[in-house]
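The structure appears right after this line, and notes come after that.
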Amino acid sequence: MMKKIVFAALALAFTLDSAAQEVDSLPKKQEVIPTFAKKLNIDLFFRGGGISDSYTDDSKNSTHFVIDNARLNLQGDFNEDLFYRVRFRPNLPFNATTQDGGTSALDYAFLTYRFGSARQWDVTVGKQLAAFGAFEKEINPLYEYIFTDYLNGVYNNVFLSGLTLGYKINRAHKIGVQLHNTVNTKFANLLSSKGFVAGDFKASKAPIGMYLFWNTDLLDGKLKLRYSYNLSQYAANNLTHSLALGNWYKSGRHTLYLDLSYTYMGADYGLTASQLLSAYDGLAKNNYLMQKNAVYKRAVSRYDYQLTDRWSLSAKLGIEQAGITQRLSEQLRTNYIYFAAAQYAPLRGQDLRFYLAYVGNTISYDKTLHLKNEQMHRIAIGAYYTLPILKTNN
């Protein structure tokens with residue numbers, strides 16, 4: 194009986210081994226979907242330290258420690274055709290935005306598909322960076338100690354949901370079109386959250402916009418231009434036109450950018466100029482009126498000088514004006530931002546830098562408004578680091 198059992202076991206083992214060899218000898222199917230992304234980068238952007246603020250209003254003065262920038266970034270190439278990116282800020286609220294279903298903490302959540310014989314075409318869908326021409330937006334946000342209102346999203350939608358189609362004419366030139374939500378919040382929600390009422394304005398049935406953009410790199414990459422025109426609508430029958438010109442130049446240890454922009458709003462959903470006029474007209478908050486024919490102008494420049502491999506100096510100056518074309522002035526409010534900073538990078542090949550910076554902000558108002566000018570002085574000392582959590586390149 195034992196011999197029969199042993200013989201049966203040996204026969205079964207031989208059969209299984211033969212079957213396995215037969216399966217192994219068959220041609221294997223090629224993996225259409227890779228088991229892991231071709232390339233995946235996970236980085237944590239962090240900046241924090243101590244700040245000492247001095248304001249015109251003494252009650253705002255404070256010296257304390259802050260984490261003023263923290264962003265988790267995931268991006269990579271799934272294959273040669275498909276790119277993805279997700280970035281969010283864990284120190285911002287995750288409340289849903291009413292227009293696109295995202296959150297104010299979410300910067301990016303998009304896919305880019307490249308196609309064409311030389312992959313000269315690309316289409317991007319999801320929450321992405323607005324295609325306006327500017328270099329203030331292209332620098333790592335850790336490096337900017339203060340942004341213009343334009344980049345802070347006060348009167349411009351920076352991170353938006355939409356669809357972008359781009360075409361590389363050649364290595365130096367790229368053109369494209371971006372369709373997008375005008376803002377991330379629905380008409381009534383935006384106004385009520387800022388203390389406004391609609392008045393005679395009605396919500397647009399298609400609160401969307403379109404960027405036309407041209408990007409070019411010249412002089413072997415020393416000169417870069419990012420130019421764009423935007424047409425959008427938020428309130429029905431009231432259009433917004435915007436022109437943005439971003440200019441960047443690098444020579445040796447010197448780097449400089451100059452951004453210029455002009456925005457005309459048929460309905461002032463930026464609300465900065467409207468708030469000033471509403472207060473001037475004696476209206477109380479929660480009864481402010483959105484105004485017609487608002488104008489926002491901006492010029493900002495930054496200069497960087499690399500002293501040594503480890504030491505660098507940076508300076509920035511920006512000016513923005515907000516007003517109404519047919520009431521009082523186009524310069525109801527003038528916003529100045531500026532900083533000067535020194536940075537030290539102790540580790541080669543790592544984006545770790547210690548900094549000491551002076552940051553300032555001055556806001557002046559047209560005399561007819563009878564408002565006091567505002568001033569902020571800040572001394573900041575700390576560090577910022579792009580922490581590489583995971584790097585793969587399959």
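Just so you know, we're using the numbering used here here: the sequence shown kicks off at 194 and counts up by one. Note that the Cβ used here is the ideal one computed from N, Cα and C, for glycine as well.
Alpha carbon of residue i to alpha carbon of residue j, nearest angstrom
| i | j | result |
| --- | --- | --- |
| Tyr404 | Asn382 | 25 Å |
| Gly439 | Ala327 | 4 Å |
| Leu335 | Arg503 | 17 Å |
| Glu567 | Ile556 | 5 Å |
| Ala428 | Arg571 | 38 Å |
| Leu304 | Ser245 | 41 Å |
| Ile408 | Tyr422 | Inspection of the sequence shows that residue 408 is occupied by Asn rather than by Ile. Computed Cα separation, rounded: 12 Å. |
| Lys361 | Val259 | 42 Å |
| Tyr306 | Asn431 | 34 Å |
| Tyr498 | Val370 | 34 Å |
| Gln514 | Leu525 | 7 Å |
| Leu449 | Trp441 | 6 Å |
| Ala653 | Leu372 | No answer is possible for residue 653: the residues shown for the chain start at 194 and end at 587. |
| Ser467 | Gln484 | 5 Å |
| Leu233 | Gly269 | 4 Å |
| Ala538 | Thr296 | 34 Å |
| Phe238 | Tyr343 | 22 Å |
| Phe281 | Phe287 | 10 Å |
| Gln223 | Asp452 | Reliability of the predicted coordinates at Gln223 is poor, the pLDDT of 44 falling under 50, and the value obtained from them is presented with this limitation in mind. In a straight line, the C-alpha of Gln223 is about 49 Å away from that of Asp452. |
| Leu464 | Thr341 | 16 Å |
| Ala298 | Phe271 | 25 Å |
| Ala573 | Ser454 | 29 Å |
| Tyr277 | Pro400 | 26 Å |
| Tyr558 | Asp293 | 35 Å |
| Asp250 | Leu384 | 28 Å |
| Ser247 | Ser505 | 26 Å |
| Glu331 | Tyr473 | 37 Å |
| Tyr338 | Ser507 | 10 Å |
| Asn479 | Gly511 | 31 Å |
| Gly542 | Lys584 | 14 Å |
| Val493 | Trp314 | 32 Å |
| Gly355 | Asn377 | 11 Å |
| Gln321 | Gly241 | 26 Å |
| Tyr496 | Ala437 | 19 Å |
Reduced DSSP category for residue i - H, G, I as helix; E, B as strand; rest coil
| i | result |
| --- | --- |
| Leu583 | strand |
| Thr518 | coil |
| Asn382 | helix |
| Gln468 | helix |
| Leu344 | coil |
| Thr561 | helix |
| Tyr336 | helix |
| Tyr578 | strand |
| Tyr496 | strand |
| Tyr462 | coil |
| Lys221 | Caution is warranted here: a pLDDT of 45 is assigned to Lys221, below 50, making its placement in the model unreliable, and no coordinate value can be reported. |
Distance CB(residue i)-CB(residue j) smaller than 8 Å
| i | j | result |
| --- | --- | --- |
| Val316 | Leu265 | no |
| Lys565 | Phe532 | no |
| Ala535 | Leu521 | no |
| Asn350 | Thr375 | yes |
| Phe380 | Tyr481 | no |
| Leu353 | Ala311 | no |
| Gly392 | Gln426 | no |
| Gly243 | Gly575 | yes |
| Leu469 | Leu562 | yes |
| Ile235 | Ile582 | yes |
| Asn486 | Thr518 | yes |
| Val318 | Tyr301 | no |
Contacting residues, own chain, Cβ-Cβ under 6 Å from residue i (five flanking each side not counted)
| i | result |
| --- | --- |
| Gly553 | Tyr531, His570 |
| Gly459 | Asn431, Leu432 |
| Tyr578 | Phe239, Leu545 |
| Ser435 | Asn423, Thr456 |
| Glu523 | Val488, Gly516 |
| His257 | none |
| Phe547 | Tyr537, Ala576 |
| Phe406 | Ala324, Gly369, Ser421 |
| Tyr462 | Tyr427 |
Spatial neighbours of residue i in its chain, beta-carbon cut-off 7 Å, leaving aside the 5 residues before and after
| i | result |
| --- | --- |
| Pro220 | Its pLDDT being 43, under 50, Pro220 is placed unreliably by the model, and nothing is read from it. |
| Asn284 | Ile260, Ala263 |
| Ser471 | Tyr481, Leu482 |
| Lys395 | Ala428, Ala429 |
| Leu580 | Asp236, Leu237, Phe239 |
8 Å Cβ shell around residue i - same chain, five flanking residues per side excluded
| i | result |
| --- | --- |
| Leu588 | For the chain, the structure presents residues 194 to 587; residue 588 sits outside this window and is missing. |
| Asp274 | Tyr306, Arg307, Phe308, Arg312 |
- Task: Write down every uninterrupted run of the beta strand (DSSP E) in the stretch 251 to 332 whose length is 3 residues or greater and which is fully enclosed by it, in chain order.
- Result: 255 to 270, 275 to 281, 299 to 308, 314 to 322
- Item | Length at least 4, wholly inside the stretch 366 to 443: the alpha helix (DSSP H) runs in chain order | 380 to 386
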